[in-house]
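**Student:** One structure, pasted below without further comment.
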Amino acid sequence: MMSSTASDVVSPTRRNRVTLRKTVISCVVLAVALVLAIVLLSLIGSEPLPARASLCALASLGTNTCGLTQDQFDILFQIRLPRILLAAAVGGSLATAGAGYQALLRNPLAEPYLLGISNGAAVGTMIALVFFGASEWTRPVLAFTGALTATLAVYRLARGRTGATPERLILAGVIVTTFLSSVIVFVTVLMDATRIRSFTFWLLGDLSGTSKALLPVAITIAIAGALALTLNARSLNLLMLGERDAFDLGVEVGRVRIVVFVVASLLVGSSVAASGSVGYVGLVVPHLARLSLGSDNRISIPAAALGGALFVIVADTVARTIIAPRELPVGAITALIGAPLFIYLLRRA
Amino acid sequence: MIYYLGSVPVSVDHSFSSFLRLTFIVCLTLFSACAANKSAMPNTVRLVTDDAGRHVSLPARVDRVISLAPNLTEIVFAIGAGDRLVGRTSYCDFPPEAKAVAEVGDTLHPSLERIISLKPQVVLISTSSQLEVFTRQLQNQNIAVFVTDPHDLEGVFRSIGQIGEMLAHKEQANLLVQKLRARANAVQEAVKQKPPVRVFYQVSAEPLYTAGHDAFVTDLMHRAGAASVTADVPGAWPKYSNESALAAKPEAIILPTGGSMGTANSDVTEALRKSPAALAGRVYKINDDHLARPGPRAVDGLEEMARALHPDAFK
């Protein structure tokens, strides 16, 4: 570490090369782990499937049944795999958004769930469900609108005359969260009694209603969002010095801010529209990424994206198997794992 | 009392102390009125035990009842005691006469103030409403709370008997139970020789909820010649795994819909679109009000299910 810092002064290009190599290595390791998790956890579920035949069918990408019965094939490719892929998209999206907010706002506690941005997206999705229930496309669009509105509200509230302090930001997040929570309660009470139970489940984060139409959207947005924020990672690194210093170093602060807000809102919006509010992912995963790989956003953002996908896949496997054939909401599991892990990280840091 | 209350705004202008004095007088008047009410209450009480195992003391004659569940409202009307009902929830929409009764909120969020102002002697509640805290508040107001908790059709008959006894409509209640029991027995007799149909009961599609072991409708399905594939799942309304639903290969699917549900839950969940039930066209929509309300119309639901599942048994 010492020697590389010394040589950095001499050659900035070499430092970039080192960072690039570190990024590539950590991303490749995480990507391999992610693919392994997708394949291996596809073998676990409330219905037992023959492992060898399932692996063979997965390897053929669904072109060969490998002796699975039609039902087993449908369970694997129509129910289990889409759900796992959605878990990956949701986890990746939330962790990327969390990493983006944390870098931009220079606040390690900035997280979509804690800042009320997930609640903004949830209000948008509920409006879509109540007024345009039939058309699935309105859900991510209104969820994005809600997330962006909540983001801007928190940002405006946090920037007082004295500037945005980390405490002020979290307080603004608390205000927006509680306000939007009461909006949600209000809508739930007004709504059909028959739908209340499913809504409470959904609000805690639930991946069982994987929609065929929204899955490709969620995956595309997750990948595009992670790439977009990674491409802005250098500017985000400079922003960590403070907005004024970053501006002096040539960062277009306003543009980066808009990019992060819009991209993160898209990420949160698409994941909330597909699965409800899954908490703690955007907090715990970027923390783990920074702790193990350092605070360079060029490494920590893509690593958080892959790690978040991994985290939610594992959490959802627990949620769908632990009391099978009944199910738990995945948000309960991420919070159960996330909150203690976060306390541990805080104490260690 | 009206005189005192009416003069309050004037007295505020004079001085705060006179306002305080007035408040004190108003309170005294209210208190004495309450005390008078209490002493006027009939001394003759009887002790009954409800489904929650609570001992409830009731006045000898019950004239004012509030029902906090649609099935209980239906029972009160079915035994001919609808005129005693002074309050109901917004979900209590049957029989049509019930709609003329004052509303006290919905099943989960009733208004305590409105209930108290209607001066009921008994409030009927169903355990599914989860109103434990609420029960305590009502008891503190000296209003008896009677809890019903039917898990099967026999439980419904028991509720009818209990409410009949409470409202001194015992004969009508017994007659009603006799008729309902005869109809239920006729259904069971008709389907007795038929092999049970493996049924999936879809409460909602997304997320997927079903009827578990403790659900009232599980007993109803059994009586209708069905074997619920989720009959052994713990709980009343568990959230169910999509893949387990697919793997269960139900021969028929029951969609409780219509009635107060409107068009909600009228489509089979995606995981079951290719199930033997869906492929054979054995998806039956049955009025949710007949299946979800443990009241007199549950026997209608039983007949509708049995006719749908075993049409040839009713020729």
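As you go down the protein sequences, you meet chains R and P in turn. Position 15 (the first sequence) corresponds to 15 in this note's numbering; numbering is contiguous. With the second sequence counted from 1, adding 1000 to any position gets you this note's numbering. Cβ atoms here follow ideal geometry from the backbone N, Cα and C, with glycine treated the same way.
What residues from chain P crowd round R:R80, counting only those whose CB sits closer than 8 Å?
**Tutor:** The answer, in chain order, is E1243.
**Student:** Extract the residue ranges of the alpha helix (DSSP H) inside the region 85-173 of chain R, only unbroken runs of 4 or more that lie entirely within it.
**Tutor:** For the region 85-173 of chain R, whole alpha helix (DSSP H) runs of length 4 or above, ordered along the chain, are 117-131, 138-158.
**Student:** P:A1247 CB to nearest chain R CB: under 7 Å?
**Tutor:** It does: the Cβ of P:A1247 has a partner Cβ on chain R nearer than 7 Å.
**Student:** Would you mind reading off the limits of the beta strand (DSSP E) that contains P:T1257?
**Tutor:** 1252-1257 is the extent of the beta strand (DSSP E) around P:T1257.
**Student:** If we define contact as Cβ-Cβ less than 7 Å, is P:P1296 a contact residue for chain R?
**Tutor:** P:P1296 does not count as touching chain R.
**Student:** For P:V1337, count neighbouring Cβ atoms within 10 angstroms of its own Cβ and tell me buried if that reaches 16, exposed if not.
**Tutor:** No answer is possible for residue 1337 of chain P: it lies beyond the span of chain P, which begins at 1001 and ends at 1315.
**Student:** Using a cut-off of 8 Å between C-beta atoms, extract the partners of R:A324 located in chain P.
**Tutor:** Residues of chain P passing the Cβ test: S1241, S1244.
**Student:** Roughly how many angstroms separate the alpha carbons of R:V18 and R:I323, rounded to a whole number?
**Tutor:** Going by the C-alpha atoms only, they are around 47 Å apart.
**Student:** With a threshold of 7 Å between beta carbons, is P:A1036 in contact with chain R?
**Tutor:** Residue placement at P:A1036 cannot be trusted, given a pLDDT of 43 that sits under 50; what the coordinates show is reported in the next sentence. No, no contact with chain R.
**Student:** Please classify P:P1009 as buried or exposed, where buried requires at least 16 neighbouring CB atoms within 10 angstroms.
**Tutor:** Below a pLDDT of 50, predicted positions are generally treated as unreliable, and P:P1009, at 37, falls in that range; no measurement from the model is reported.
**Student:** Suppose contacts are defined by Cβ-Cβ distances below 7 Å. Is R:A97 in contact with R:G120 by that definition?
**Tutor:** Taking 7 Å as the Cβ cut-off, R:A97 and R:G120 do not qualify as a contacting pair.
**Student:** Taking Cβ to Cβ, would you say R:A205 is nearer than 7 Å to R:G276?
**Tutor:** Looking at the sequence shown, residue 205 of chain R is not Ala but Gly. Yes, Cβ-Cβ distance for R:G205 and R:G276 is below 7 Å.
**Student:** Please report whether the beta-carbon of P:A1280 lies at a distance below 7 Å from any beta-carbon of chain R.
**Tutor:** Answer no: the Cβ-Cβ gap between P:A1280 and chain R never drops below 7 Å.
**Student:** Let me know the secondary structure DSSP gives P:P1226 once reduced to three states.
**Tutor:** Going by the sequence as given, residue 1226 of chain P is Ala instead of Pro. In this structure, P:A1226 counts as strand in the three-state DSSP scheme.
**Student:** Check each residue of the region 1206-1230 of chain P: if its Cβ is closer than 9 Å to any Cβ of chain R, include it; give the result in chain order.
**Tutor:** Listed by position along the chain: E1206, P1207, L1208, Y1209, G1212, T1230.
**Student:** Using a Cβ-Cβ cut-off of less than 7 Å, list which residues of the region 1257-1291 of chain P approach chain R; keep chain order.
**Tutor:** Within the region 1257-1291 of chain P, the residues whose Cβ lies closer than 7 Å to some Cβ of chain R are M1261, A1264, A1271, K1274, listed in chain order.
**Student:** Taking the Cβ atom as the reference point for each residue, do P:F1094 and P:V1122 lie within a distance shorter than 7 Å?
**Tutor:** No, the pair does not count as a contact, with Cβ atoms beyond the cut-off.
**Student:** Give a yes or no on whether the minimum CB-CB distance between R:S208 and chain P is below 7 Å.
**Tutor:** Yes, because at least one Cβ of chain P sits closer than 7 Å to the Cβ of R:S208.
**Student:** Closest by CA to R:L203, which one among R:L142, R:A332, R:I25?
**Tutor:** Closest option to R:L203, Cα to Cα, is R:A332.
**Student:** Just how far apart, CA to CA, sit R:A59 and P:K1274?
**Tutor:** Whole-angstrom Cα-Cα distance: 25 Å.
**Student:** Under the three-state reduction of DSSP, which class applies to P:P1202: helix, strand or coil?
**Tutor:** A small correction: the amino acid at residue 1202 of chain P is Gln; Pro does not occupy that position in the sequence shown. Three-state DSSP puts P:Q1202 in a strand.
**Student:** Apart from the five residues on each side of it in sequence, which residues of its chain come closer than 7 Å, Cβ to Cβ, to R:P302?
**Tutor:** Result list for R:P302: T23, C27, A226, T230, in chain order.
**Student:** Keeping to the same chain, check which residues put their C-beta closer than 6 Å to that of R:A37; ignore five residues upstream and five downstream.
**Tutor:** Closer than 6 Å at the Cβ level, and outside the excluded window around R:A37, lie L310, I313.
**Student:** Once you ignore the five residues that flank R:L346 on each side, which residues in its own chain have a CB closer than 6 Å to its CB?
**Tutor:** Cβ within range, chain order: n/a, list empty.
**Student:** Tell me which residues share the same chain as P:E1304 and place their Cβ nearer than 6 Å to its Cβ, disregarding the 5 neighbours each side in the sequence.
**Tutor:** Taken in chain order, the residues that qualify are I1286.
**Student:** Enumerate in chain order the residues of its own chain whose CB-to-CB distance from R:L142 is below 6 Å, with the five nearest sequence positions on each side excluded.
**Tutor:** Excluding sequence neighbours, R:L142 sits near G124, I127, A128.
**Student:** Interface residues of chain P around R:L75 at Cβ under 8 Å?
**Tutor:** Per the sequence shown, the amino acid found at residue 75 of chain R is Ile instead of Leu. E1243, L1246, A1247, listed in chain order.
**Student:** Given 8 Å as the limit, is there contact between the region 251-268 of chain R and the region 82-99 of chain R, that is, 3 or more CB pairs closer than that?
**Tutor:** These segments touch.
**Student:** Give me the chain R residues within the contact set of P:V1233, using Cβ-Cβ distance strictly less than 9 Å, ordered along the chain.
**Tutor:** By Cβ distance, chain R contributes P325, R326.
**Student:** Any heavy atom of the ligand FAD closer than 6 Å to the Cβ of R:D245?
**Tutor:** The ligand FAD is not part of the structure shown, which contains no ligands of any sort.
**Student:** Can you check whether the C-beta of R:F186 is within less than 7 Å of a C-beta belonging to chain P?
**Tutor:** Answer no: the Cβ-Cβ gap between R:F186 and chain P never drops below 7 Å.
**Student:** What three-state label does DSSP hand P:P1110 in the structure shown?
**Tutor:** DSSP places P:P1110 in strand when its eight states are reduced to three.
**Student:** R:K212: buried (16+ other C-beta within 10 angstroms of its C-beta) or exposed?
**Tutor:** Result: exposed.
**Student:** Output the distance between the C-alpha atoms of R:G294 and P:G1258, rounded to the nearest integer angstrom.
**Tutor:** If I take the Cα positions, the gap works out to 58 Å.
**Student:** Tell me whether the beta-carbon of P:T1107 lies closer than 7 Å to the beta-carbon of P:R1088.
**Tutor:** No. Outside cutoff.
**Student:** Rounded to the nearest angstrom, what separates R:L148 and P:L1291 at their Cα positions?
**Tutor:** Cα-Cα distance, rounded: 43 Å.
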